[in-house]
Amino acid sequence: DAGVTQTPRHEVAEKGQTIILKCEPVSGHNDLFWYRQTKIQGLELLSYFRSKSLMEDGGAFKDRFKAEMLNSSFSTLKIQPTEPKDSAVYLCASSRDRVNERLFFGHGTKLSVL
Amino acid sequence: GQGVEQPDNLMSVEGTFARVNCTYSTSGFNGLSWYQQREGHVPVFLSYVVLDGLKDSGHFSTFLSRSNGYSYLLLTELQIKDSASYLCAVDMGYKLTFGTGTSLLVDP
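Chains A and B, in that order, give the protein sequences.
110 is the number that the numbering used here gives to position 110 of the first sequence; each next residue is one higher, with no gaps.
75 is the number that the numbering used here gives to position 75 of the second sequence; each next residue is one higher, with no gaps.
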């Protein structure tokens, strides 16, 4: 059962480092989302791709967060430079289309920035 | 979540019911989804609603009032394992905005 795959599961970074998170969506899905989840803010949208085209770049997250989708089966999220406030769980999700909005989430990457 | 509001906490008793409320800004509304998230796990899709009224899906039912910007998730015959966070997510065109979730605690 090939769901959404995210790597790594855990990442520890020093302040100022560059980190790259990876995501493989469900095969055949056209939409891919990157979210950040914290207890206080909940799920915040970072990026949204439709058929590899960037549709939403997350507004306030633009300056240090960059998501790319080089092909339909692989996406990366780069955070550069990292700050302690970036500590959160980063979730990648995909969906077949936007008709019913059923998102399938990966297990997430837990990022800790020291 | 910006423009999507949910109460933080809700408590109920095993065998009874719980209603999780969600209010949202009606501008650009396309549809609304409900997700369940257990502690330490990722959100899992429950239901999607776009039409007004009650949608009965057994253990989980949903209600939507588009003109009032209001939805609720109704859980009946509660079990302890229903204790989780319930998130509503509003599709406002190119953007799926989540509420911060309601943490439901089901007591024995």
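Just so it is clear, CB atoms sit at the ideal spot from N, CA and C, and this is done for glycine as well.
{"Asked": "So is Arg-9(A) buried or exposed if we call it buried at 16+ other beta carbons inside 10 Å?", "Found": "exposed"}
{"Asked": "Counting only beta-carbon separations shorter than 8 Å, does Leu-54(A) have a partner in chain B?", "Found": "no"}
{"Asked": "Curious, which full-length beta strand (DSSP E) runs of at least 3 residues does the stretch 69 to 101 of chain A contain?", "Found": "74 to 79, 88 to 95"}
{"Asked": "Could you please give the first and the last residue of the uninterrupted beta strand (DSSP E) stretch that includes Gln-37(A)?", "Found": "31 to 38"}
{"Asked": "Which residue marks the beginning of the beta strand (DSSP E) containing His-10(A), and which one marks its end?", "Found": "10 to 13"}
{"Asked": "Thinking C-beta only, is Ser-75(A) closer than 8 Å to Ala-88(A)?", "Found": "no"}
{"Asked": "Counting beta carbon pairs with one atom in the stretch 53 to 61 of chain A and one in the stretch 1 to 20 of chain B, are three or more of them shorter than 8 Å?", "Found": "no"}
{"Asked": "I'd like to know if Pro-43(B) contacts chain A, where contact means its C-beta is closer than 8 Å to some C-beta of that chain.", "Found": "yes"}
{"Asked": "Using a Cβ-Cβ distance under 8 Å, would Phe-98(B) count as near chain A?", "Found": "yes"}
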